[in-house]
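Q:
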Amino acid sequence: MHNKSVGIVVPIYNAAKYLEKCLHSISIQTYKNIKILLIDDGSTDKNVDKIIKSYIQKDNRFIGIKISNSGQGVARNIGIEHFINTDKTDYILFVDSDDYIDENCIEELIKNIDDADFIWFDFRYKFENTKPHSNPTSIENYNLQNKITISNTDWLELSA
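Structure below.
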């Protein structure tokens with residue numbers, strides 16, 4: 102299982118303020134068989150370009166492309182096409198440019214994926230200059246803390 106490859110798609114638009122933390126969190130993953138596609142969605146902030154170039158130069162797992170501003174959905178679709186057709190990987194993970202992931206995130210993903218078609222990660226909001234939210238996360242709200250897999254029927258019942 103540990104030979105599975107993971108393609109990470111990071112759509113970026115004017116997120117220089119958060120991008121360094123995001124890319125650093127990806128670069129230090131304990132699971133190493135990853136490829137990272139940075140898609141600059143027409144950012145006007147020149148610092149974004151500098152940060153992208155610095156990661157491409159220091160870590161050959163990072164690839165960058167620039168497109169005219171088309172939106173996050175288009176950028177993600179380009180990432181999907183890239184990891185299906187050009188630089189084939191077993192799995193695709195999306196990480197938004199203003200988010201960051203724990204250093205063992207992908208290792209845990211690979212350990213627990215089995216034959217799942219979709220993995221849902223939980224998250225907590227963290228706003229600048231404020232304390233983290235104390236509201237329950239989605240997984241806590243649905244009381245799924247100990248579940249690794251839920252069926253389609255379970256999901257539909259939860260979503261109703």
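Here the sequence shown is numbered in the working numbering, starting from 102 and rising by one per residue. We put the beta carbon where it would ideally sit given N, CA and C, even for glycine. Fair warning: this is a prediction, and the values are worked out from it, not measured in the lab.
#1: Counting beta carbon pairs with one atom in the stretch 165–182 and one in the stretch 209–218, are three or more of them shorter than 8 Å?
#2: If you count every other CB in all the chains shown that lies within 10 Å of the CB of D141, and 16 or more means buried, which is it?
#3: Would G174 be called buried (16 or more neighbouring beta carbons within 10 Å of its own) or exposed?
#4: If you draw a straight line from the C-alpha of F163 to the C-alpha of D200, how long is it?
#5: Can you give the Cα-Cα distance for V107 and I157, rounded to whole angstroms?
#6: When DSSP builds the beta bridges, which residues end up paired with L138?
#7: Determine, using beta carbons only, whether D188 and K154 come nearer to each other than 8 Å.
#8: Is it right to say W198 is buried, meaning 16 or more other beta carbons lie within 10 angstroms of its own, or is it exposed?
#9: For K147, which residues in the same chain have their Cβ closer than 6 Å to its Cβ, ignoring the five residues on either side in sequence?
A: According to the structure data:
#1: no
#2: The residue labelled residue 141 in the question sits at position 40 within the sequence shown. It counts as buried.
#3: To locate residue 174, count along the sequence shown from 1; it is residue 73. Exposed, by the Cβ-count rule.
#4: To locate residue 163, count along the sequence shown from 1; it is residue 62. To locate residue 200, count along the sequence shown from 1; it is residue 99. Distance between the alpha carbons of F163 and D200: 17 Å.
#5: Translated into the one-based positions of the sequence shown, residue 107 becomes position 6. Translated into the one-based positions of the sequence shown, residue 157 becomes position 56. Looking at the backbone, the Cα of V107 and that of I157 are separated by about 17 Å.
#6: The residue you call residue 138 lines up with position 37 of the sequence shown. BP columns for L138 point to V110, I164.
#7: Locating residue 188 in the sequence shown gives position 87, counting from the first residue. Locating residue 154 in the sequence shown gives position 53, counting from the first residue. Result no, Cβ atoms of D188 and K154 do not sit closer than 8 Å.
#8: Your numbering for residue 198 matches position 97 in the sequence shown. The question names Trp, but residue 198 is Ser in the sequence shown. With 16 or more other Cβ atoms within 10 Å, it is buried.
#9: Within the sequence shown, numbered from 1, the residue matching residue 147 stands at position 46. Closer than 6 Å at Cβ, skipping near neighbours: no residue.
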